[in-house]
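Okay, structure first, notes after.
Number of protein chains: 2
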Amino acid sequence: MFNEEVVLGIDIGGTNTVFGFVDKNGNCINQGVIPTNSNESAENLFDRLFYKVKEIMKNNPELSEIAGIGIGAPNANYYKGTVEQPPNLNWGTVNVIEIVKKYFQVPVAITNDANAAAIGEMQFGSAKGMKDFIVITLGTGLGSGIVSNGKLIYGHDGFAGEIGHVCVIPDGRECGCRRKGCLETYASATGIRRTVFELLANKSSQSSLRNFSFNELTSKSIYEAAVEGDPIALAAFDYTGKILGKALANAVNYTSPEAIILFGGLASAGEYIFEPVKKYMEENILNIFKNKVNVIPSTLTEGNAAVLGAAALIWNELNHTPTMKSEVENWDLM
Amino acid sequence: MFNEEVVLGIDIGGTNTVFGFVDKNGNCINQGVIPTNSNESAENLFDRLFYKVKEIMKNNPELSEIAGIGIGAPNANYYKGTVEQPPNLNWGTVNVIEIVKKYFQVPVAITNDANAAAIGEMQFGSAKGMKDFIVITLGTGLGSGIVSNGKLIYGHDGFAGEIGHVCVIPDGRECGCRRKGCLETYASATGIRRTVFELLANKSSQSSLRNFSFNELTSKSIYEAAVEGDPIALAAFDYTGKILGKALANAVNYTSPEAIILFGGLASAGEYIFEPVKKYMEENILNIFKNKVNVIPSTLTEGNAAVLGAAALIWNELNHTPTMKSEVENWDLM
C-alpha cells in the first residue's frame with residue numbers, strides 16, 4: 002500500500018517549521034521551511050505546510066507517495082496525538098494527528114523534540130546499535146529523551162523525560178515552570194548566560210563579557226570568550242558542567258544507560274562543556290556505574306537534526322514489533 | 002516438558018534464605034526457610050537449600066515438577082545471572098544460574114530484591130494492570146524497581162533502579178556507598194533513626210525516644226511513639242516524608258509513572274509516612290504531573306512478599322513475548 006521508501010519529518014518550532022523527505026538511511030532527499038506564525042492556529046500552519054509539501058510531491062515523482070509522517074513539537078503527547086498548551090504557540094490543546102489525517106491517510110506519530118532527537122540518534126546517529134541511552138538537548142531549555150531496552154520511555158501520560166525539571170539546587174534559580182532550582186535554569190543556553198551574570202557580579206576578574214547586556218549575550222559569545230581564555234567564560238563552562246555532571250550522575254541511577262548524548266547549541270562548545278561534565282559525573286557517580294557511561298556528542302547534523310528525529314520517529318513505528326504496528330494501523334481508523 | 006503449574010521463588014537475605022512453591026495466581030503452596038550462613042560459599046547455600054527443596058518435592062506429588070526458578074538476591078545481575086560482591090554475603094562474584102542448573106534443568110532468572118518486588122506487585126499486587134510504575138522498598142536501605150511500558154528497566158548493565166543513591170542533600174549524611182547525601186540515608190529504616198537522633202540533638206522537646214540508644218531504636222519504636230503523639234517521632238516522619246516526597250517529585254520526571262508503591266517496614270507506618278510523602282511530592286512536582294501520580298502501599302503480604310516477587314520474576318519470563326522466551330530457552334544451554 003505505502004511507498005516504503007520515504008517518510009515526511011516535520012519539526013515545529015516557535016519561529017520556523019521545517020520539513021524534509023527522509024529515507025530509511027537518514028538521507029534528507031528534499032526539504033523546506035515555512036514560518037510557524039505562532040499566533041495563528043494549528044490548522045492554519047498545517048494548511049500552509051501541506052500546500053508546500055504537496056507541491057514538492059507533485060514536482061518530484063519519486064516523492065509522490067510517503068509511508069508515514071513523523072512530527073516533533075513542543076508539549077506533544079505521543080499517546081493522544083495532541084499538542085497540549087505549548088508555551089510558544091497560541092494553539093491551546095489540539096489533536097494534531099486528526100488535522101494531519103485530513104491531508105494524508107498514512108500513519109502519523111508525534112512527540113516532543115527531545116524524544117524525536119533520541120529516536121533520531123538511535124536510528125541514524127550516535128546511538129546506533131544502543132538499547133539504553135539518554136539524549137540531553139541543550140537549547141533555550143534542557144530537554145531529554147530516555148531510551149531503555151531499545152524503546153523510548155513515554156511514561157503513563159506520554160510526558161516522560163523531563164530531566165530539565167529535576168530540582169538540582171533547593172530554592173535555586175527561578176524556572177519558567179514556576180518552580181525553583183530546575184536543572185535547565187543552570188544547564189542550557191539560558192542557564193550559562195545566567196551563570197555568566199552571576200560570576201560577573203561575584204568576581205572582579207577582567208572579562209570581555211562585561212561588554213554584553215543580558216539580552217545580547219549568547220552561548221556562542223561565551224564559547225568564543227572561553228576560546229580566548231576569558232576567566233569568566235571558562236568558569237561559567239566549568240560551573241555548568243559541574244551542575245550537569247552531578248545531575249547526570251543522579252540520572253544514571255534510574256535507567257543505567259550505556260551512553261548520554263549531548264545535543265544542541267551548548268554541546269557544540271566541545272571539550273569546554275564535555276570535559277567538566279564527564280569529570281563531575283564520574284566524581285559523583287555510584288561506584289557500580291563508574292567508567293561505564295560514555296558522554297558523547299550527537300552525530301546528527303545540527304541543521305536538519307530535528308527533521309531527521311521526526312522522520313526517525315515514524316520509521317521506528319513502521320518497523321516496529323507487531324504490537325506497535327497494529328497500533329499504527331489503528332491510527333488510520335481515527 | 003515443564004509442569005506449568007508451579008515455580009520456585011527464592012529470596013536470599015543476609016540472615017535467612019526463604020523459598021516457596023508459587024502458582025500462577027500468587028498462591029504460595031509450600032515454603033521453607035534455611036539460615037543463609039553469610040560466611041559460607043554460594044555453592045554451600047544452594048546445596049543445603051535444594052536438599053530441602055527436593056525433599057518437599059518428593060513428599061508432595063503435586064510439586065514433583067517445577068516450571069522455573071526465580072531468585073531475588075543482593076547485587077544480582079539479571080543479564081549475567083551473577084551476584085556481584087554482595088555487601089552482606091561472603092561470595093565475591095559468582096554465577097548463580099550456573100550453580101542452580103546443576104540441580105534443576107529449568108529456566109532460571111535472578112535479580113535484586115527491589116526489582117523482584119516490582120515484578121511481584123505487577124503480577125500479584127498493587128500494580129496489577131499497570132504498565133508504568135515505581136516500587137520503592139523502605140528497608141535498612143532504599144531499593145527501587147522501575148517498570149516502564151510493562152517491562153522492568155534493567156539498564157545497560159543490569160543494575161538500573163538505584164534511586165536510593167540519588168543525591169538529595171549536597172554534602173549530606175554519609176552513605177554506605179562512600180558518597181554523601183544519598184536518599185537512603187534519609188528515607189529508610191536507618192534514615193529515620195538518624196533523623197530522630199538529629200532532632201533529639203537539635204530540639205528540646207520531651208520525647209520517649211530519649212530513652213533509646215541508637216542501636217536499640219527501631220522504626221517500629223518510632224512509629225509507636227508517633228501514635229502516642231510524641232513530637233520528635235512526628236517530626237521525624239514529617240522530615241522523612243519531605244525528603245522522600247521531594248525525591249519522588251524528581252523521580253516522576255524520568256519515567257512519568259502512574260503510581261509509586263511503597264513497600265517494606267517503614268511503609269507499614271501508614272498515614273504517618275504516606276501523608277507527608279504525598280503532600281511534599283505534590284508541592285514539588287512539575288505542573289504537568291500534578292495529581293496524576295498515586296502513592297500507594299504494597300498489597301503483597303510482608304511475610305512472603307520477597308518469595309512472591311522472586312516467583313513473579315520467573316513467571317514473567319515464562320509468559321513473556323517471543324524474544325524473552327527465546328532468551329529463557331537459551332539459558333537452558335548455559
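Protein sequences, first through last, are from chains A and B. The first sequence: position 172 = 173 (this note's numbering), numbered continuously. The second sequence: position 253 = 254 (this note's numbering), numbered continuously. Heads up, the beta-carbon is just placed ideally off N, CA and C, and yes, glycines get one too. The model shown is predicted, which means the values in this text are computed figures rather than measured ones.
Beta-carbon proximity list for residue i, same chain, < 6 angstroms, skipping 5 on both sides
| i | result |
| --- | --- |
| S149/A | D133, T256 |
| N113/A | A77 |
| A312/A | V8, G10, V23, G71 |
| D12/A | V19, G73, A307, V308, A311 |
| G192/B | T186 |
| A270/B | Y224 |
| N26/B | none |
| N331/A | Residue placement at N331/A is poorly supported in this model, since its pLDDT is 40, which falls under 50; the coordinates are not used for a value here. |
C-alpha gap between residue i and residue j, whole angstroms
| i | j | result |
| --- | --- | --- |
| S127/B | L218/A | 52 angstroms |
| Y155/A | M58/A | 32 angstroms |
| N320/A | N28/B | 40 angstroms |
| F3/A | I147/A | Confidence at F3/A is low in this model, with a pLDDT of 47, below 50, so its placement is unreliable and no value can be given for it. |
| L235/B | E272/B | 11 angstroms |
| L90/A | R49/A | 16 angstroms |
| Y104/A | G121/A | 25 angstroms |
| K279/B | G265/A | 36 angstroms |
| G144/A | A202/A | 28 angstroms |
| A110/B | L314/B | 7 angstroms |
| K291/A | E56/A | 53 angstroms |
| E283/A | V107/A | 46 angstroms |
| I135/A | T241/A | 18 angstroms |
| E99/A | G177/A | 30 angstroms |
| A118/B | E276/A | 39 angstroms |
| D333/A | E44/B | Because the pLDDT of D333/A is 37, which lies under 50, any placement of that residue in the model is unreliable, and the question is left without a value. |
| I170/A | L184/A | 8 angstroms |
| K81/B | A115/A | 32 angstroms |
| G21/A | G33/A | 6 angstroms |
| I297/A | I274/A | 11 angstroms |
| K53/B | G151/A | 41 angstroms |
| K293/B | Q124/B | 22 angstroms |
| A190/A | S299/B | 43 angstroms |
| V101/B | E66/B | 15 angstroms |
| G51/B | N305/B | It is Phe, not Gly, that sits at residue 51/B in the sequence shown. Their backbone Cα atoms lie some 19 angstroms apart in a straight line. |
| M335/A | M131/B | In this predicted model, M335/A has a pLDDT of only 35, less than 50, meaning its place in the structure is not dependable; the value taken from the coordinates is given anyway. Between M335/A and M131/B, the C-alpha separation is close to 25 angstroms. |
| Y281/B | D239/B | 9 angstroms |
| S206/A | F213/A | 15 angstroms |
Member of the options whose CA lies at the smallest distance from the CA of residue i
| i | options | result |
| --- | --- | --- |
| E259/B | A237/B, N295/B, Y273/B, T191/B | N295/B |
| V95/A | F105/A, V197/A, F47/A | F47/A |
| L301/B | T18/B, K129/B, R49/B, T83/B | K129/B |
| N288/B | V278/A, F213/A, R194/A, R179/A | R179/A |
| S209/B | A202/B, G242/B, E229/B | E229/B |
| N317/B | L184/B, G69/B, L267/B | G69/B |
| E175/A | Q207/A, I135/A, E99/A, R195/A | R195/A |
| D158/A | T83/A, D239/A, L245/A | T83/A |
| I244/A | C168/A, I233/A, P232/A | C168/A |
| T16/A | N26/A, P88/A, K25/A, L64/A | P88/A |
| A268/B | F213/B, S214/B, I137/B, L153/B | I137/B |
| A248/B | I286/B, L139/B, F160/B, W92/B | I286/B |
Residues sharing a beta bridge with residue i, DSSP
| i | result |
| --- | --- |
| F20/B | I11/B, G33/B |
| G146/B | V136/B |
| I244/A | DSSP, once it has assigned bridges, lists no residue as partnering I244/A. |
| A260/A | F134/A, N295/A |
| A110/A | G71/A |
| L64/B | Answer is none; L64/B lacks a bridge partner. |
| N78/B | T83/B |
| L153/A | V148/A |
| T94/A | E85/A |
| E175/A | K181/A |
Cβ of residue i within 8 angstroms of any chain C Cβ
| i | result |
| --- | --- |
| P258/B | Among the protein chains of the structure shown, namely A and B, there is no chain C. |
Same chain, Cβ closer than 8 angstroms to residue i, neighbours up to 5 away in sequence not counted
| i | result |
| --- | --- |
| D172/A | K181, G182 |
| A226/B | S208, S209, L210, I233, A234 |
| K221/A | G266 |
Close Cβ partners of residue i (< 7 angstroms) along its chain, the five nearest in sequence each way excluded
| i | result |
| --- | --- |
| K326/B | Residue placement at K326/B is poorly supported in this model, since its pLDDT is 35, which falls under 50; the coordinates still yield a value, given next. Once the five neighbours on either side are set aside, K326/B has no close Cβ partner at all. |
| N61/A | N31 |
| E85/A | N76, N78, T94 |
| A237/B | I193, T196, V197, L200, I223 |
| T141/B | S189, A190, T191 |
| G14/B | T37 |
Any 3 or more C-beta pairs closer than 8 angstroms across the region 30-42 of chain A and the region 7-20 of chain B: no
Does the structure place the region 162-179 of chain A close enough to the region 244-252 of chain A that three or more beta carbon pairs sit under 8 angstroms? yes
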